[in-house]
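Student:
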Amino acid sequence: MRHIIEKANEIREKYGIDDLELLASKLGAEVVEIPLGKIIKEVYIKDEGVIVIDPNLHPYKKRHLIAHGLAHHLFHRNTKVNYFLDERDDRFNYWKQRRQEKEAEVFAAYLLIPEDKLNEKLKEEWVKESPNPIPELAEEFQVSENFMKKRLNLKGTRENDK
Numbered sequence: 053m054r055h056i057i058e059k060a061n062e063i064r065e066k067y068g069i070d071d072l073e074l075l076a077s078k079l080g081a082e083v084v085e086i087p088l089g090k091i092i093k094e095v096y097i098k099d100e101g102v103i104v105i106d107p108n109l110h111p112y113k114k115r116h117l118i119a120h121g122l123a124h125h126l127f128h129r130n131t132k133v134n135y136f137l138d139e140r141d142d143r144f145n146y147w148k149q150r151r152q153e154k155e156a157e158v159f160a161a162y163l164l165i166p167e168d169k170l171n172e173k174l175k176e177e178w179v180k181e182s183p184n185p186i187p188e189l190a191e192e193f194q195v196s197e198n199f200m201k202k203r204l205n206l207k208g209t210r211e212n213d214k
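Residue numbers (my numbering): 53 to 214.
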């Protein structure tokens with residue numbers, strides 16, 4: 053996963069993350085908003101380089117899903133993976149898809165919540181004293197509370213690997 057994190061850092065430093073749709077364009081992808089229903093919130097169409105997101109989502113969720121879709125665009129365009137599996141026995145594609153989804157989440161997490169900025173925030177007194185700093189941290193990084201929890205879990209996992 054190190055190469056995924058390094059790529060997220062490289063892209064953030066080179067282009068910034070203020071406008072993720074512009075970032076996608078600079079990386080050769082296009083973001084399109086189309087209502088997707090209640091279950092599916094984001095789709096990456098690899099042959100077209102298009103990230104489709106539901107327009108009815110909260111702006112922070114959109115940021116997360118655009119970053120997630122960018123990971124598929126950067127790392128998974130040349131794979132033959134079924135993103136919507138109908139056959140439950142297709143174990144090979146299931147595990148391959150699962151790995152790719154994890155890579156996309158790690159990329160999005162490190163793109164939107166960089167390690168250095170997260171570490172700075174975690175050292176601040178209010179974070180240490182707060183019984184639950186997640187809502188404020190999520191707001192600071194413009195991500196959902198659930199995504200902030202995921203990112204903090206990734207941080208713990210990486211620290212345990214050292």
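Cβ coordinates follow ideal geometry from the N, Cα and C atoms, glycine included.
Bear in mind the structure is a predicted one, so any value in this text is a computation, not a measurement.
Look up Y162 in the DSSP assignment and give the residues it is bridged to.
Tutor: According to DSSP, Y162 bridges with nothing at all.
Student: Tell me E82's beta-bridge partners as DSSP assigns them.
Tutor: For E82, which the question treats as bridged, DSSP gives the partners V102.
Student: Around the C-beta of R150, are 16 or more other C-beta atoms found within 10 angstroms, so that it is buried, or is it exposed?
Tutor: Under this definition R150 is an exposed residue.
Student: Could you say if the stretch 86 to 100 and the stretch 184 to 201 meet the contact criterion of at least three C-beta pairs nearer than 8 Å?
Tutor: The stretch 86 to 100 vs the stretch 184 to 201: no contact.
Student: Whole angstroms is fine: what's the gap from Y162's alpha carbon to P183's?
Tutor: Cα to Cα, Y162 sits roughly 24 Å from P183.
Student: Any heavy atom of the ligand FMN within a distance shorter than 8 Å of the CB on K169?
Tutor: In terms of ligand content, the structure shown is empty, and the ligand FMN therefore cannot be addressed.
Student: Does the Cβ-Cβ distance between I57 and F127 come in under 9 Å?
Tutor: Not in contact: I57 and F127 (Cβ atoms no closer than 9 Å).
Student: Using the three-state DSSP reduction, which class does V179 fall into: helix, strand or coil?
Tutor: Three-state result, V179: helix.
Student: Identify which residue in E100, L109 and V102 has its Cα closest to the Cα of K90.
Tutor: Nearest option by C-alpha distance: L109.
Student: Comparing alpha-carbon positions, which option in I186, E188, Y67 and H125 lies nearest G80?
Tutor: Among I186, E188, Y67 and H125, the Cα nearest to that of G80 is on H125.
Student: Taking the beta strand (DSSP E) that I97 belongs to, which residues open and close that run?
Tutor: Looking at the DSSP string, the run of the beta strand (DSSP E) that includes I97 is E94 to I97.
Student: Over the uninterrupted alpha helix (DSSP H) stretch that includes K113, give me the two end residues.
Tutor: That run of the alpha helix (DSSP H) goes P111 to F127.
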